Amino acid sequence: DDALYRDAGGDDGLAHTRRALRACDDAELVLEFVGWLLERDTAVALDVLCAPRRPEHALPHARVLDYLRERANSATVTSYLEYVVLRAESDDERLHTALALAYIDTMRALAPADGELDGAGGLLGDSRAALLRLLRESALYDAEELLGAALAFAPGADGESPLREELVLLYARLRRHRDALRVLVHRIRDDARAEAYCARYDDDDEQGLL
Numbered sequence: 274d275d276a277l278y279r280d281a282g283g284d285d286g287l288a289h290t291r292r293a294l295r296a297c298d299d300a301e302l303v304l305e306f307v308g309w310l311l312e313r314d315t316a317v318a319l320d321v322l323c324a325p326r327r328p329e330h331a332l333p334h335a336r337v338l339d340y341l342r343e344r345a346n347s348a349t350v351t352s353y354l355e356y357v358v359l360r361a362e363s364d365d366e367r368l369h370t371a372l373a374l375a376y377i378d379t380m381r382a383l384a385p386a387d388g389e390l391d392g393a394g395g396l397l398g399d400s401r402a403a404l405l406r407l408l409r410e411s412a413l414y415d416a417e418e419l420l421g422a423a424l425a426f427a428p429g430a431d432g433e434s435p436l437r438e439e440l441v442l443l444y445a446r447l448r449r450h451r452d453a454l455r456v457l458v459h460r461i462r463d464d465a466r467a468e469a470y471c472a473r474y475d476d477d478d479e480q481g482l483l
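274 is the number of the first residue of the sequence shown in my numbering; add one for each residue after it.
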């Protein structure tokens, strides 16, 4: 009953509940009451779950993620993962991978009928830019799992995954240099980048690139 949360000043209880839960290190108590906030104001609920001064062991990120996946929409889950990975700088590979997969899921939901993503704007373009940035800057994701997700993306006009730039980065991370070059030369059609790629990985001659 919302009446239980109203204070003497007639407030709906959001501000008071937010303050109390932000200061609380009891995971059971936070997760019991943050659901009420999620139903009323997602931003306030995220503010509680992302309280910077709370030690991670008091409210484990993985546990919060499981909680949100059961009760919140995908945008809220993505926002929480962005806080954990990009701001709190978690070193948990599972969370970095989960954020990348969240971006891919958003892109999949918004992809146009022809499957082509190059030049896309709005949330689709923002999600792709964020994914590419994460793939370039993070060293903590599961490249094999993300490669599988990228290859499974709905095909574009050429009958293959439209995540061409993402594939180059993932193949490079996995030292599958021939596959990366194939994408650069035959799909992106950028010989200059292919030559630069060979120069960059010249010392990594396991596959005899040059």
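Beta carbons are placed, not taken as given, at the ideal position from N, Cα and C, and that holds for glycine.
For clarity, every value in this text was computed on a predicted model and none was experimentally measured.
Item, Value
"Could you pull out every residue in the same chain whose Cβ sits closer than 8 Å to the Cβ of residue 334, ignoring the five residues on either side in sequence?", "357, 361, 363, 365, 368"
"Classify residue 465 as buried or exposed, calling it buried when 16 or more other Cβ atoms lie within 10 Å of its own Cβ.", "exposed"
"Which full runs of the alpha helix (DSSP H) of 4+ residues lie inside the stretch 340-366, going along the chain?", "347-355"
"Drop a sphere of 10 angstroms on the beta-carbon of residue 385, count the other beta-carbons inside from all chains shown, and report buried for 16 or more, exposed for fewer.", "exposed"
"Please report how far the alpha carbon of residue 342 lies from the alpha carbon of residue 472, in whole angstroms.", "43 Å"
"What are the start and end residues of each continuous alpha helix (DSSP H) run of 4 or more residues lying completely inside the stretch 401-473, in chain order?", "416-424, 437-446, 450-455, 464-473"
"I'd like the span of the alpha helix (DSSP H) that includes residue 295, first residue to last.", "287-295"
"Could you round the C-beta distance between residue 298 and residue 327 to whole angstroms and report it? I think they count as a contact, below 8 Å.", "6 Å"
"What number of angstroms, rounded off, separates the C-alpha of residue 407 from the C-alpha of residue 287?", "34 Å"
"Quick check on this structure: which residue in 305, 439, 454, 459 has the alpha carbon closest to the alpha carbon of residue 376?", "439"
"Quick check: the stretch 423-442 against the stretch 397-407, are there 3 or more CB pairs under 8 Å?", "yes"
"Can you give the beta carbon distance from residue 422 to residue 374, rounded, assuming they're within the 8 Å contact cut?", "6 Å"
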